[in-house]
Each structure stands twice: as structure tokens, then as C-alpha cells.
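See structure below.
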């Protein structure tokens, strides 16, 4: 990969005066120390002799005893080929507008090419997947479409030179540069994914638990099904197991419809009808708090009342479409379906929920004019909405990302709705195991009797675990074990980051060392300057290393700071 090195002083001059002319910097040459250099090095230990030209004058020409020369990090050979004045003048005049900063497209090409003039397209795709991004990511659609068109126009349909590569990536270059420069929330994504695979395998070996059979359709699922899928707030994806098998959300839909209700009506209105406290009772008990309200929206009574608040004056068909569209936006338009068989099964075996409905009606828990039986039908429909582990992980990541879908960038939920939803998931989301889960795992989550656990690591990622066998409290046996193991390995627990706490792995730190300082979108120019001027790229080189320099010629032209292309 190309590495650029220059004087720390030069770096500071550039940072403080990005539009300052290069001749200005040269006039202050006495401030430039000895034994610093600017170089281009490749991983295969070849090094290019560097001629940096400004108005026809090679920058490496000694100035008043100060030497500026090219080097590579590991000892190299002193250049023997002289710089030809005519050649440098010709190079300087070919592009008068060239600048000191190479384009992001060029930096990306050379980081993948490793010294080659052309790269196979599959090498780019493989490197892209290693960052956690997928080729099907909606944000990369223009890039992938252009790549397909470009490859058809090449002779072999495989290789890309620098100019074709730039043509393919330029529409998505900032996102791609952030990915390849490890600017995402999980910088070393491959290592993190390997840890997830290990935890998955540990969970697969678990036995015990029973598949829910009080809803006949749920009883048909194999107890051997086991899947984990995650999506970070930057759209990095990893899946393992049976992640494409559809299953019903069941109670996992409760926090999602509560979020929709708060998004539409606000906190104050919603909580006129529903409380915020854990009940301490089974999720399907006929029981209200002292104000004759359901305890919270994560138990059946609260979820039924919450269902009555969505699109109150609309028919069930319109309501259903409204919620489905909302969930599809949360899932980045990935799979969200409906199981009519489960819906019919729910309704035929829903005596307890009908009893809760009539009890709520008696206690006047619904808004005025509510049709209780229609609300129960809608409630059963929402429980029967299907997802896969992959699409549900994007929904969880939308909650982790403050209401923005990570793979589309669309604002789906208000910050108020997200905050309230995560708070109630943390305190009430795991049935009668909620206190234990908050204590041991310390993250917002919601389980369902189909075997799903929707887990949110705020500002980091969303995870969906799915395995049908349930423990006696109605939570997935494998899912609970995975969540517990995850927090045992990584410092994701809400209180793991307290000072002097026992050290765990932090995947948000590059190489386990220093926490990344910036995440999220950056504009082209600021990212370009950061990559070209950051300390990890511009490095002080010792005089001994400078005296051992080498080989073939590469020319970079320099104009004023800030104008830049690498040609």
C-alpha cells in the first residue's frame, strides 16, 4: 500500500495554511529539519524514487544543506538514477492544476493494487467484504452498477486499471474510503466476526428447552435451527447459521409498534394509556397497575393497548400496510413478510388474549371509540409478521443508530421514540427474566416465543439471535447464552466502561489499542486531508533510513496545497 511521509514541520504548515502556496513553504526552508522524507512504498518491498516537482523544480533538491529525499520504512538503497530536468519540467507542465493531496480514488486504488497497474475486480470485492460492507448495500448501488457495466466494456471482463477503477468508485468514494481506512465503528471487522462465529458454535452445542406449542404453527419449527445476524451502525454485516429462514416476530414486534406509536403521538399521549414499570408477573396475566393501566408495552395487556393507538381512525387493512411500510424502512427494505397461517393459528388459540381484551375494555383502558375485537385482530396480525435474522438485525441497528437506518441513511424513528423504546426494552423486554438480563447483559433486548431475541448495543450495532427452543420463562435458550457470552467477551454491558473496571475486549478500538475518534459521514475534502496528513501516514524517518533509499521512478506533481490529483 502506498505510504506518504513528509516533514512534521511541513505537515504543520500545510495543516495551518491549506491554501498557502508551496513557494511560501520553500522560503521558510530553514525551519525544515534534516532527515525527513516523502516516499511511496509498496508491500512487496519495491520502492519508487520520488521526484516531487513544483514549477519545474524537484522538491528533493538539497536546500541550504537540508536534504529531502525519498525513502521506504525498512532500509532501502540510495537512488542512483539522476533526476532529469527536462523530464521534471515536462511532468510539471502536463497538469498545472495538480496538487499535493492525491485523490481519494487514487489512494484507494493503490492500497488495493499493491504496486500493480491493474487489479482484478474480484480482488476489490473481496477487500470490500473484509470491511463488513456487502455488495448489495443500497449505498453502494451506483458503484456496483458501474462496475458491472465497466467490466463488460473491458477485453477480459476481469481487470481494471486505475482510470476504470476511479470511474467505478467515484460515486461512493467517501463511504469506501472510510471502510478501507478502518473508520467504521468496528475497525477490525474480520477479527470481530471470527469471535462471533466462535460464540455461535458454542451456542449450537447447547441442548435443552422446548419449542412453543401453544400456537400450533410455532410447534412445526425444528429445534435445531440456530442463527445469529448483526448489523453495525455503519452498515457492516455478519451472519452465521440459518439466517435466511423466515420466522414470526411474535413479541419482538412489541417494542417496534411502541416506537411507532411514540413517533406518531409523542410520549405523553402514549403513556396516558400505558405505564412504564416492570410488572413482576407473567407476560399474559390479567392484571393492571394501581391506575388501572397496563404496566408497560412489553406485556400482552400493554401491547394490545399500544396496538389500539396506531392509526386510530383507519381500518385494519390500512393500519397493517402502515406498520409493514414502517418496518420495511427500519429493515432497509430487506425481507419483511406475513404468515397468514400463523395469524389464523394465533386467532384460533387466542382465548387468553381475548380475555385480556375484554378486561381492558371493562376498565376503559382503550381510547374512546375503539373496536376491541378489531384491535385484537390487528394485534394477532402484527405478531404474525415474518422477518429473517438478517432483516431483523437491520431493524435492531436502526434503534442502535438513533432511528436512522444504517444501510439507507433514512430517518425512520424520532430520537424520542428510540430513547423510550430502548429504556423499556432494558427494564421490561425479557419477560420475567428482565431483571436478570439487565444485571448480567446490561443491554436493551426483546424476546419472542418464536425463539428470537432482538438485542441492541446503542451506538454500535443491532443483533438478532434466533433458535426456537425456549426456557421455562419463554426466552430462547441459545439466544440467552449467546447474549451472555457476548458481554463476557466484549465490553458492551452498559457499565463495563466505568473507570477501573475489569478489562474486556473493545472491538471499537483499532488493534485493541486506541479508540477511533471519528465515525459517521465525512465530506470528500476533509477526509482527503485527514488521510494525507494524519500522523499514522506521515512519519519521521531517521537519517540512516534516508541514506538507504532505492529504485524505479514514480513522479508526483505538486501545486498549491488543496488542489490535488495523483496522475
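In the working numbering, the protein residues as written are 44 to 610. We put the beta carbon where it would ideally sit given N, CA and C, even for glycine.
{"Item": "Given this structure, state the Cα-to-Cα distance separating residue 202 from residue 161, to the nearest angstrom.", "Value": "6 Å"}
{"Item": "Among residues of its own chain, excluding the 5 on either side of residue 402, which ones have a beta-carbon nearer than 6 Å to its beta-carbon?", "Value": "329"}
{"Item": "Got a sec? Which residues, its chain only, sit under 6 Å from residue 322 by beta carbon, not counting five neighbours each side?", "Value": "338 and 342"}
{"Item": "Three-state secondary structure (DSSP) at residue 330?", "Value": "coil"}
{"Item": "If you follow the alpha helix (DSSP H) that residue 539 is part of, which residue opens it and which one closes it?", "Value": "Element bounds for residue 539: n/a, residue is neither H nor E."}
{"Item": "Given this structure, state the Cα-to-Cα distance separating residue 268 from residue 533, to the nearest angstrom.", "Value": "25 Å"}
{"Item": "On the DSSP letters alone, give me the boundaries of the alpha helix (DSSP H) that residue 163 sits inside.", "Value": "Run containing residue 163: none in the alpha helix (DSSP H); it sits in the beta strand (DSSP E), 161-163."}
{"Item": "Run the CB neighbour count on residue 243, radius 10 Å, all protein chains shown included, and call it buried at 16 or more, exposed below.", "Value": "buried"}
{"Item": "Could you pull the DSSP bridge partners for residue 489 from this structure?", "Value": "497"}
{"Item": "Determine the closest residue to residue 473 out of 499, 250 and 247, with distance taken between C-alpha atoms.", "Value": "499"}
{"Item": "Terminal residues of the continuous alpha helix (DSSP H) containing residue 185?", "Value": "184-196"}
{"Item": "Just to confirm, are residue 353 and residue 336 a CB contact at a threshold of 9 Å?", "Value": "no"}
{"Item": "Rounded to whole angstroms, how far is the Cβ of residue 440 from the Cβ of residue 174, which I believe are closer than 8 Å?", "Value": "Not confirmed; about 16 Å, so no contact."}
{"Item": "Using 8 Å for Cβ pairs, my map puts residue 236 next to residue 176. What's the rounded Cβ distance?", "Value": "With 8 Å as the limit, residue 236 and residue 176 do not qualify as a contact, their Cβ atoms being about 13 Å apart."}
{"Item": "Determine contact between the region 181-200 and the region 228-235, defined as no fewer than three beta-carbon pairs at a distance below 8 Å.", "Value": "no"}
{"Item": "What's the C-alpha gap between residue 382 and residue 147?", "Value": "47 Å"}
{"Item": "With a CB to CB cut of under 6 Å and the five nearest residues on each side skipped, what residues in its chain are close to residue 156?", "Value": "162"}
{"Item": "Tell me where the alpha helix (DSSP H) around residue 551 begins and ends.", "Value": "No alpha helix (DSSP H) contains residue 551, which DSSP labels as neither H nor E."}
{"Item": "Do you know offhand how far residue 527's Cα is from residue 447's?", "Value": "27 Å"}
{"Item": "Since residue 220 is in the alpha helix (DSSP H), which residue starts that stretch and which ends it?", "Value": "216-223"}
{"Item": "Buried or exposed: residue 444, going by 16 or more other Cβ atoms within 10 Å of its Cβ?", "Value": "buried"}
{"Item": "What does a CB cutoff of less than 7 Å around residue 491 pick up in its chain, not counting 5 residues either side in sequence?", "Value": "292, 293, 294 and 295"}
{"Item": "With a CB to CB cut of under 7 Å and the five nearest residues on each side skipped, what residues in its chain are close to residue 351?", "Value": "409, 410, 413 and 418"}
{"Item": "Spatial neighbours of residue 485 within its chain, please: CB distance less than 7 Å, with the 5 preceding and 5 following residues excluded, ordered by chain position.", "Value": "530, 536, 537 and 538"}
{"Item": "For the 8 Å Cβ check, are there 3 or more pairs between the region 237-257 and the region 186-193?", "Value": "no"}
{"Item": "To the nearest angstrom, how far is it from the Cα of residue 245 to the Cα of residue 340?", "Value": "33 Å"}
{"Item": "Residue 204: beta carbon under 8 Å from a heavy atom of the ligand ATP?", "Value": "This structure does not include the ligand ATP; it has no bound ligands of any sort."}
{"Item": "Using the Cα positions of residue 460 and residue 299, report the straight-line distance between them to the nearest angstrom.", "Value": "10 Å"}
{"Item": "With 16 as the cutoff for other CB atoms within 10 Å, does residue 206 come out buried or exposed?", "Value": "exposed"}
{"Item": "Excluding the 5 residues preceding and the 5 following residue 380 in the sequence, name in chain order all residues of the same chain whose CB lies nearer than 8 Å to its CB.", "Value": "289, 428, 429 and 430"}
{"Item": "Let me check understanding here. Comparing Cα to Cα, which of 509, 501, 479 and 468 lies closest to residue 489?", "Value": "468"}
{"Item": "Considering only C-alpha positions, which residue in the set 266, 497 and 450 is nearest to residue 376?", "Value": "450"}
{"Item": "I'd like to check one pair, residue 326 with residue 149: are the Cβ atoms closer than 9 Å?", "Value": "no"}
{"Item": "What first and last residue would you give for the alpha helix (DSSP H) that runs through residue 453?", "Value": "Run containing residue 453: none; DSSP gives neither H nor E here."}
{"Item": "Would you please state the rounded distance, in angstroms, between the beta carbons of residue 432 and residue 271? I believe it to be under 8 Å.", "Value": "7 Å"}
{"Item": "Going by beta-carbon coordinates alone, are residue 512 and residue 219 separated by less than 9 Å?", "Value": "no"}
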